[in-house]
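Add 373 to a position in the sequence shown, counting from 1, and you land on the number used in my numbering. C-beta: ideal position from N, C-alpha, C; glycine also. On a predicted model such as this, the values are computed, not experimentally measured, just so you know. I have placed the structure first, in the form of structure tokens, so that the comments after it can refer back to it.
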Amino acid sequence: VNVLKGEMSLVGPRPEQVPFVRMFEQQIPYYSLRHKVKPGITGWAQICYQYSSSVEETAIKLSYDLYYVKNRTVFMDLKILLLTLETLVFRRGAK
């Protein structure tokens with residue numbers, strides 16, 4: 374529904390809860406740069422990195438989000454969508 378409303382994209386950095394965003398913006402340099410693109414249902418960080426539960430892991434995951442923000446293309450979005458589909462079909466997690 375959010376994609377149809379234009380609030381989200383299929384591909385982009387996953388949205389985060391507001392309290393976490395505030396905390397990460399204070400603790401992780403450049404965290405706010407991930408908001409230069411719309412949030413997505415799936416993203417490069419989800420494909421390349423496991424679930425993050427700490428500030429340190431979130432900082433690592435941010436590097437993947439920022440790579441996406443800087444290098445995104447239609448072809449990269451297609452690659453992410455195909456890798457997401459592969460993950461869902463074969464039930465394998467991020468590397």
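query                                                                                                                : result
Other residues of its chain near residue 403: CB distance less than 8 Å, five sequence neighbours each side excluded : 435, 439
Ranges of the alpha helix (DSSP H) found wholly within the region 399 to 424, counting only runs of at least 4       : 417 to 421
DSSP three-state assignment for residue 442, whether helix, strand or coil                                           : helix
Proximity of residue 386 and residue 416 at Cβ, strictly below 8 Å                                                   : yes
Residue 382 - partner residues in DSSP beta bridges                                                                  : 413
Inter-residue spacing [alpha-carbon to alpha-carbon] between residue 449 and residue 413                             : 13 Å
Of the residues 457, 425, 442, 447, the one placed nearest residue 397, counting alpha carbons only                  : 425
Check whether residue 453 and residue 384 have beta carbons under 8 Å apart                                          : yes
Whole-angstrom distance between residue 443 and residue 419, CA atom to CA atom                                      : 17 Å
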